[in-house]
Amino acid sequence: MTTVHTPTPTAPSRGAGVALMSGSALSNQSGAAIGSLAFDIITPAGVVAVRQWLAAVLLLALTRPRLRELTRAQWRLVIALAAVFAVINLALYSAIDHIGLGLAVTLEFLGPLAVALAGSRRRTDLGCALLAATGVAVLMRPQPTTDYLGMGLALLAAVCWACYILLNRALGRSLPGAQGTATACGLSGLVFVPIGIAVLVTHPPTAPALACAITAGVLSSAVPFLCDALALRHVPAPLFAIFMSLNPVLAATTGMLILDQHLDAAQWASIAAIVTANATTILTRR
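For the sequence shown, this note's numbering assigns the number 44 to the initial residue and increments by one for each residue that follows.
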């Protein structure tokens, strides 16, 4: 049995990966906040449809994937990633509508954390998992205002994000550039054609609502998809997953600044616990 060794990324390569991931996180959360401003007019499904269409057009135009050259194995990965794109965006935006940007993204982040900790037997990682679980328990503790539907949608998005990391990594090894990501995004856009038309007909959009949805498409779809696909060629999947711990903090801050969504002390402590768990994991890994 032959063992395949993956080359270790060099320092400049890791630096490029970190820069790409930082830009992806900031763009993603800003776009989600702006897109949520249109929820009252065209609903979360309408915003997701518009952003998926725009992202598909931009990514396909930029990458021009050679669809006829894809193998069956590559098509299976592309179709699986397209399904993940469709579900994760709708689940997350619906969760944001229920529980706010900061909490939705914090729960969604459990997906990347699970990827990072999967299979680890280190005591440090076990402690980090327990710390993150404590933070989640505090966030989901029963209260008169607890929205379990919103939390469930955020957890569904978490599962999808874990799948997104693994599938994007596999496509990165199989296809050059961002061809796989662009093709999957295009298929996801097609899925949302009937959904988007139905929503926009029943909820006529205004110019400001469309502008918010289009901005979300650029900032939360096109830019992160490209950055993530390229970053995963410079850094290993666990490092990518751990670095994204920046997202809950950015989401909570963005929600406060743009959407006037303020969290209480216990919620901030929960976010800090989850971020600390991820930071500890990456700092103690070789």
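Note that beta-carbon positions come from the ideal geometry of N, C-alpha and C, so glycine has one too.
Local Cβ density within 10 Å of Ile-240, reported as buried at 16 or more and exposed below that: In the sequence shown, counting from the first residue as 1, residue 240 sits at position 197. So Ile-240 ends up on the exposed side.
Proximity to Ala-221 [Cα-Cα], best of Leu-273, Ala-213 and Arg-111: Position 178 of the sequence shown, counted from the start, is the residue given in the question as residue 221. Ranking Leu-273, Ala-213 and Arg-111 by Cα distance to Ala-221 puts Leu-273 first.
Reduced DSSP category for Thr-188 - H, G, I as helix; E, B as strand; rest coil: Locating residue 188 in the sequence shown gives position 145, where the first residue counts as 1. In this structure, Thr-188 counts as coil in the three-state DSSP scheme.
Per-residue burial, Ala-129 [other beta carbons within 10 Å of its own, 16 or more giving buried]: In the sequence shown, counting from the first residue as 1, residue 129 sits at position 86. By the 10 Å Cβ count, Ala-129 comes out buried.
DSSP state of Ala-304 mapped onto helix, strand, coil: Taking the first residue of the sequence shown as 1, we reach residue 304 at position 261. For the record, residue 304 in the displayed sequence is Gln; it is not Ala. Coil, per DSSP.
Residues of its chain near Ile-131, where Cβ-Cβ distance is below 7 Å and the 5 sequence neighbours each way are ignored: Along the sequence shown, one-based indexing puts residue 131 at 88. Taken in chain order, the residues that qualify are Ala-200, Cys-203, Trp-204 and Tyr-207.
Complete alpha helix (DSSP H) runs within the stretch 191 to 243 (minimum length 4 residues, chain order): 191 to 217
Spatial distance of His-246 from His-277 (CA atoms): Numbered from its first residue, the sequence shown carries residue 246 at position 203. Numbered from its first residue, the sequence shown carries residue 277 at position 234. Straight-line Cα distance between these residues: approximately 43 Å.
For Ala-62, three-class secondary structure by DSSP: As a working note, residue 62 is residue 19 in the sequence shown. Ala-62: helix per DSSP, three-state reduction.
Per-residue burial, Arg-111 [other beta carbons within 10 Å of its own, 16 or more giving buried]: If you number the sequence shown from 1, residue 111 lands on position 68. Per the 10 Å Cβ criterion, exposed.
Residue from Thr-258, Leu-210 and Leu-243 with nearest C-alpha to Ser-79: Position 36 of the sequence shown, counted from the start, is the residue given in the question as residue 79. Ranked by Cα distance from Ser-79, the first of Thr-258, Leu-210 and Leu-243 is Thr-258.
Proximity of Ser-231 and Ala-125 at Cβ, strictly below 8 Å: Locating residue 231 in the sequence shown gives position 188, counting from the first residue. Locating residue 125 in the sequence shown gives position 82, counting from the first residue. For Ser-231 and Ala-125, yes; Cβs fall inside 8 Å.
Cβ-based burial, Asp-168 [other Cβ within 10 Å; buried from 16]: Within the sequence shown, residue 168 is the residue found at index 125, counting from 1. Result: buried.
Within 8 Å, strictly: CB atoms of Leu-174 and Ala-316: Against the sequence shown, residue 174 aligns to sequence position 131. Against the sequence shown, residue 316 aligns to sequence position 273. Yes.
Touching by the beta-carbon criterion (3+ pairs, under 8 Å), the stretch 76 to 96 and the stretch 135 to 149: yes
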